[in-house]
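S.K.: Residue numbers (this note's numbering), protein chains in the order written: chain A, 6 to 448; chain B, 6 to 448.
We put the CB at the ideal spot given by N, CA and C, even for glycine.
Being a predicted model, the structure only gives us computed values, none of them experimental.
Can you keep this structure in mind? I'll have questions shortly.
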């Protein structure tokens with residue numbers, strides 16, 4: 006490979022845990038985050054959970070000289086929490102709101118109110134066009150019995166769709182954020198294998214950070230250790246992913262994470278660790294040519310497509326579980342609504358008695374009567390709203406399942422046109438240190 | 006220009022008005038639509054307002070031999086109503102739900118319940134990749150006082166963003182659907198100028214259809230003439246748009262629309278007219294080269310960018326009007342909610358009186374007491390829901406406005422780098438019959 010031109014870029018990602026008045030030491034932490042960003046002068050800063058626009062604006066003011074370009078993505082009731090700061094000009098932005106994102110009545114989890122989404126910013130880095138994505142997926146509150154799993158799988162599905170379909174014109178693709186998925190979780194595999202995005206942590210030889218690259222560590226004072234069980238030390242759920250294109254190769258020279266408290270301060274930046282990745286972009290002139298290389302590429306592509314068929318099939322199964330659950334919930338809402346309606350009719354019948362037979366007394370104490378009427382109204386209203394909500398959830402799940410079915414058919418068709426040599430060698434991880442072979446099933 | 010290779014494709018688009026049990030002669034019309042599609046064998050069929058999946062499935066069954074590939078886009082409560090049938094293999098699909106789409110309490114308008122969206126299907130036509138989009142925007146119920154205008158402008162903004170960002174890898178881009186916008190409406194200009202999409206009706210020399218290409222005609226028996234006032238004959242709100250790429254030129258050989266009733270039947274296919282466009286794709290080898298051409302291209306690009314700055318500025322103003330309105334509505338909801346809360350506290354105070362002074366009688370008739378309590382609860386609940394809804398509307402409007410502001414800045418920057426010769430000649434319509442000069446401000 007002939008390296009003609011090389012550009013280095015440093016990318017930073019952090020889930021800021023910025024819930025005003027609720028998150029601990031929020032102001033102090035933002036102040037430290039701002040200081041560090043000013044000092045470090047990363048090329049691209051991707052932040053999540055910046056829930057208050059005021060905090061974004063104060064960061065923007067602080068970073069005005071080192072990061073003159075920025076964008077705050079708005080969505081949902083509270084916002085998407087996503088922000089990007091950049092040394093390089095942001096030409097264009099676009100936001101995709103995930104179709105599923107938890108339930109509004111699970112207010113204590115709060116995910117629904119923050120309209121989870123993926124934000125895209127199109128940057129010019131030298132002569133290159135970089136598509137930079139920042140995202141935050143639905144949290145996992147209980148790994149053993151994760152009722153949000155179908156939602157998170159659909160989010161991962163939509164995320165890979167969004168990245169694949171919007172990145173065709175980009176020389177460089179960088180995605181950072183809190184995926185709320187462990188490295189080998191279904192959604193993570195779906196995202197990595199379908200888009201060809203590579204994981205900084207896995208790609209670099211020079212890593213400095215917590216053991217196993219964990220980004221939610223047990224030692225963090227803002228975390229309750231019992232929430233991490235059975236992962237004693239912590240989990241890795243924050244990522245910086247990247248890929249190049251046929252013209253541009255991209256390498257991860259080094260990666261580091263923070264390891265708890267900020268030096269000389271008794272608290273860390275957030276309940277998550279911050280990630281910093283040094284990427285190197287190199288003009289790409291493939292030196293290995295001829296039939297051998299071509300055949301190797303095809304073999305590897307066949308392996309990847311086969312792997313992808315398995316992953317999408319697994320995702321489809323998960324979505325079907327979600328569908329089954331949403332159908333049951335909608336049925337329960339409908340049945341409860343019917344009971345409310347029956348109660349209301351009963352009330353009306355009781356109310357009509359003194360009218361029809363003027364001599365008889367009201368057969369029911371009036372307080373209970375009115376309370377029951379209010380109750381039946383409340384039941385009717387709540388179940389109607391829930392019925393509408395579950396119908397929308399069903400439509401989104403069905404839509405994702407249809408898309409997955411179509412994708413599997415298309416991938417299988419593609420597979421029939423590829424050599425089958427390495428079909429049984431389908432490997433999960435992209436071979437470390439190898440040249441980027443960004444896999445695009447559409448090509 | 007050297008034409009080396011040429012492929013003809015026929016595209017059909019129809020808003021089917023398929024509301025089961027409500028739309029007139031729904032079954033008969035679907036039967037005729039199916040017959041015509043079977044007979045005509047278009048390459049690509051784009052349908053809107055196929056609100057029932059059953060109708061889609063029966064069409065799918067009927068068209069199985071002539072259009073073996075299809076996809077039904079699901080969204081919202083009822084669905085998106087969008088469907089695509091194709092002779093050519095659909096490899097991939099993706100759906101973008103518009104962030105704003107009317108109000109759920111405007112149930113008689115119904116738009117909110119049909120989750121309006123833009124569907125993308127990636128097709129292979131010969132060796133070419135075609136990105137085919139089908140969409141349906143929020144209806145216009147009153148042109149003079151169109152309260153949905155900001156929503157429709159944001160939908161047009163998101164539509165152009167979606168098309169621009171997802172079509173970089175495509176050789177051909179085709180967009181069909183009911184835009185609910187007149188040819189020179191703001192959203193339509195925004196879409197056409199930003200994406201470089203060209204309008205079949207304006208591009209062809211061979212048009213057969215209603216006068217001025219209108220697709221909602223006064224003679225249609227399903228339409229109330231007074232809804233069209235002041236447009237006596239009708240309006241043009243359905244479109245088939247297209248563009249090629251640097252490698253592929255695309256021409257519109259002919260276009261036609263239906264003209265009311267189906268031949269030998271007393272009713273038309275729908276309340277909209279159907280559109281059919283014959284497109285010709287030609288491998289593109291530009292013959293005109295050298296400095297002259299380059300300078301002409303740059304001049305034209307500068308004109309377009311200047312025009313775009315004006316259009317996006319106009320769109321931003323419209324979004325600001327929407328923002329102002331949404332803020333007012335949210336304030337009204339908050340104030341009404343506060344009144345509901347005050348009423349509730351008053352009730353509680355009244356209820357407490359007999360407790361505090363056991364001798365005194367209940368100072369309020371109990372029926373009125375309970376009715377008022379129910380009323381204050383209902384007010385509180387409704388205003389809380391409305392407050393949440395308006396906050397989400399505000400976030401979406403603010404998000405669109407932020408994106409527009411950023412885009413204007415970026416376009417102005419681009420303008421500074423372009424020759425200013427033709428800045429004052431910014432023309433609205435793409436020059437008819439000219440070669441496609443798909444304008445991409447990102448390049």
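Closest by CA to residue 260/A, which one among 280/A, 246/A and 326/A?
M.R.: Position 255 of the first chain, counting from 1, holds the residue named residue 260/A. A check of alpha carbon separations from residue 260/A across 280/A, 246/A and 326/A identifies 280/A as the nearest.
S.K.: Tell me whether residue 177/A is buried or exposed, calling it buried when 16 or more other Cβ atoms sit within 10 Å of its Cβ.
M.R.: Along the first chain, read from residue 1 onward, the residue named residue 177/A stands at position 172. Result: buried.
S.K.: What in chain B is Cβ-close to residue 396/A, meaning under 7 Å?
M.R.: Position 391 of the first chain, counted from the start, is the residue given in the question as residue 396/A. Ordered by position in chain B, the residues that pass the 7 Å Cβ test against residue 396/A are 82.
S.K.: Count the other CB atoms within 10 Å of the CB of residue 132/A; is the residue buried (16 or more) or exposed (fewer)?
M.R.: Your numbering for residue 132/A matches position 127 in the first chain. Flag for residue 132/A reads exposed.
S.K.: Expressed to the nearest angstrom, what Euclidean distance is found between the alpha-carbon atoms of residue 26/B and residue 136/B?
M.R.: Sequence index remark: in the second chain, residue 26/B carries index 21 (1-based). Sequence index remark: in the second chain, residue 136/B carries index 131 (1-based). Each residue's alpha carbon lies about 34 Å from the other.
S.K.: As a quick exercise: from 97/A, 151/A and 306/A, pick the residue whose alpha carbon is nearest that of residue 74/A.
M.R.: Mapped onto the first chain, residue 74/A falls at position 69. Comparing Cα-Cα distances from residue 74/A to each of 97/A, 151/A and 306/A, the minimum goes to 97/A.
S.K.: Are any of the Cβ atoms in chain B nearer than 8 Å to that of residue 149/A?
M.R.: Position 144 of the first chain holds residue 149/A. No - not a single Cβ of chain B is within 8 Å of the one on residue 149/A.
S.K.: Run through DSSP, which three-state label would residue 193/B get?
M.R.: As a first step, residue 193/B must be located in the second chain, where it is residue number 188. Residue 193/B: helix per DSSP, three-state reduction.
S.K.: In three-state DSSP terms, what is residue 408/A?
M.R.: Within the first chain, residue 408/A is the residue found at index 403, counting from 1. Helix, per DSSP.
S.K.: Please decide whether residue 78/A counts as near chain B, where near means a Cβ-Cβ distance under 8 Å.
M.R.: Position 73 of the first chain, counted from the start, is the residue given in the question as residue 78/A. Output row for residue 78/A: interface = yes.
S.K.: Within the segment 131–190 of chain A, note down every full beta strand (DSSP E) run reaching 3 residues or more, in order along the chain.
M.R.: 133–141 and 177–183
S.K.: For residue 105/A, I'd like the list of residues in its chain whose CB is within less than 6 Å of its CB, leaving aside the five on either flank, ordered along the chain.
M.R.: Translated into positions along the first chain, residue 105/A becomes position 100. Correct list, in chain order: 156, 159 and 401.
S.K.: What are the partner residues of residue 221/A, as DSSP defines its beta bridges?
M.R.: Position 216 of the first chain holds residue 221/A. DSSP, once it has assigned bridges, lists 240/A as partnering residue 221/A.
S.K.: Counting only C-beta atoms, is residue 104/B closer than 8 Å to chain A at any point?
M.R.: The residue given as residue 104/B occupies position 99 in the second chain. With 8 Å as the cut-off, residue 104/B counts as an interface residue toward chain A.
S.K.: Under 6 Å Cβ to Cβ from residue 289/A, same chain only, skipping five residues before and after it: list those, please.
M.R.: Mapped onto the first chain, residue 289/A falls at position 284. Here the set comprises 252, 253 and 254.
S.K.: Quick one: grab the DSSP three-state call for residue 256/B.
M.R.: For the purposes of this step, residue 256/B is identified with residue 251 of the second chain, where counting begins at 1. Of the three classes helix, strand and coil, the one that applies to residue 256/B here is strand, per DSSP.
S.K.: What are the start and end residues of the beta strand (DSSP E) that includes residue 100/A?
M.R.: Along the first chain, read from residue 1 onward, the residue named residue 100/A stands at position 95. Taken as a continuous stretch (DSSP letters only), the beta strand (DSSP E) holding residue 100/A covers 95–102.
S.K.: For residue 427/B, decide whether its Cβ has a neighbour in chain A, counting only Cβ atoms nearer than 8 Å.
M.R.: Residue numbering aside, residue 427/B sits at position 422 when the second chain is read from its first letter. Caution applies to residue 427/B, whose pLDDT of 43 falls short of 50 and renders its modelled position unreliable; the value that the coordinates give is listed next. Closer than 8 Å: no.
S.K.: Are the C-beta of residue 166/B and some C-beta of chain A separated by less than 8 Å?
M.R.: For the purposes of this step, residue 166/B is taken as the residue at position 161 of the second chain. Yes, its Cβ sits closer than 8 Å to a Cβ of chain A.
S.K.: Are the C-beta of residue 131/B and some C-beta of chain A separated by less than 8 Å?
M.R.: Taking the second chain and counting its residues from 1, one reaches residue 131/B at position 126. No - not a single Cβ of chain A is within 8 Å of the one on residue 131/B.
S.K.: Just to make sure I have the definition right: I need the residues of chain A whose C-beta is within less than 8 Å of the C-beta of residue 125/B. Which are they?
M.R.: Reading the second chain from its first residue, position 120 is the one you call residue 125/B. What residue 125/B touches in chain A: 170.
S.K.: Compute the beta-carbon to beta-carbon distance between residue 123/A and residue 316/A, rounded to the nearest angstrom, for a pair I have assumed lies under 8 Å.
M.R.: As a position in the first chain, residue 123/A is number 118, starting the count at 1. As a position in the first chain, residue 316/A is number 311, starting the count at 1. Rounded, the Cβ-Cβ distance is 19 Å, inconsistent with contact.
S.K.: Starting from the Cα of residue 65/B, find the closest Cα among 90/B, 86/B and 81/B and give me that residue.
M.R.: Looking up residue 65/B in the second chain gives position 60. Ranking 90/B, 86/B and 81/B by Cα distance to residue 65/B puts 90/B first.
S.K.: So which of 222/B, 120/B and 397/B has the shortest CA-CA distance to residue 87/B?
M.R.: Here residue 87/B corresponds to residue number 82 of the second chain, with the count starting at 1. Of 222/B, 120/B and 397/B, the residue nearest in Cα terms is 120/B.
S.K.: State the start and end residues of the unbroken beta strand (DSSP E) segment that holds residue 61/A.
M.R.: By one-based count along the first chain, residue 61/A stands at place 56. Here residue 61/A belongs to no beta strand (DSSP E); instead the alpha helix (DSSP H) covers 58–67.
S.K.: Tell me which residue opens and which closes the beta strand (DSSP E) that residue 11/A is part of.
M.R.: For the purposes of this step, residue 11/A is taken as residue 6 along the first chain, with counting starting at 1. Run containing residue 11/A: 11–20, per the beta strand (DSSP E) assignment.
S.K.: From residue 217/B to residue 264/B, what distance separates their C-alpha atoms?
M.R.: In the second chain, the residue the question calls residue 217/B occupies position 212. In the second chain, the residue the question calls residue 264/B occupies position 259. Straight-line Cα distance between these residues: approximately 12 Å.
S.K.: To be precise: take each residue of the segment 397–409 of chain B, compare its Cβ to all Cβ atoms of chain A, and keep it if any distance is under 8 Å. Which residues remain?
M.R.: 397, 400, 401, 403, 404, 407 and 408
S.K.: From 266/B, 76/B and 19/B, pick the residue whose C-alpha is nearest to that of residue 62/B; which is it?
M.R.: Taking the first residue of the second chain as 1, we reach residue 62/B at position 57. Cα-wise, what sits closest to residue 62/B is 76/B.
S.K.: With burial defined as no fewer than 16 other Cβ atoms inside 10 Å of the residue's Cβ, what is the status of residue 52/A: buried or exposed?
M.R.: Locating residue 52/A in the first chain gives position 47, counting from the first residue. Under this definition residue 52/A is a buried residue.
S.K.: Of all the options 220/A, 165/A and 152/A, which has the alpha carbon lying nearest to the alpha carbon of residue 19/A?
M.R.: Here the question's residue 19/A lines up with position 14 in the first chain. Nearest of 220/A, 165/A and 152/A to residue 19/A, Cα basis: 220/A.
S.K.: For the beta strand (DSSP E) holding residue 88/B, just list the boundary residues, first then last.
M.R.: Stepping through the second chain from its first residue, residue 88/B is reached at position 83. Start and end: 87–91.
S.K.: Here's a check: name, in chain order, each residue in its chain whose Cβ is nearer than 6 Å to the Cβ of residue 43/B, leaving out the five neighbours to either side.
M.R.: Taking the second chain and counting its residues from 1, one reaches residue 43/B at position 38. Excluding positions up to five away in sequence, the list reads 71.
S.K.: Pick out whichever of 101/B, 16/B, 40/B and 118/B has its Cα sitting closest to the Cα of residue 245/B.
M.R.: Locating residue 245/B in the second chain gives position 240, where the first residue counts as 1. That would be 16/B, whose Cα lies nearest to the Cα of residue 245/B.
S.K.: List the whole-angstrom C-beta distance separating residue 320/B from residue 409/B, where the pair is believed to meet the contact cut-off of C-beta under 8 Å.
M.R.: The residue you call residue 320/B lines up with position 315 of the second chain. The residue you call residue 409/B lines up with position 404 of the second chain. Going by Cβ atoms, the distance from residue 320/B to residue 409/B rounds to 6 Å, so yes, they are a contact pair.
S.K.: With H, G and I counted as helix, E and B as strand and the rest as coil, what does DSSP make of residue 403/A?
M.R.: By one-based count along the first chain, residue 403/A stands at place 398. Of the three classes helix, strand and coil, the one that applies to residue 403/A here is helix, per DSSP.
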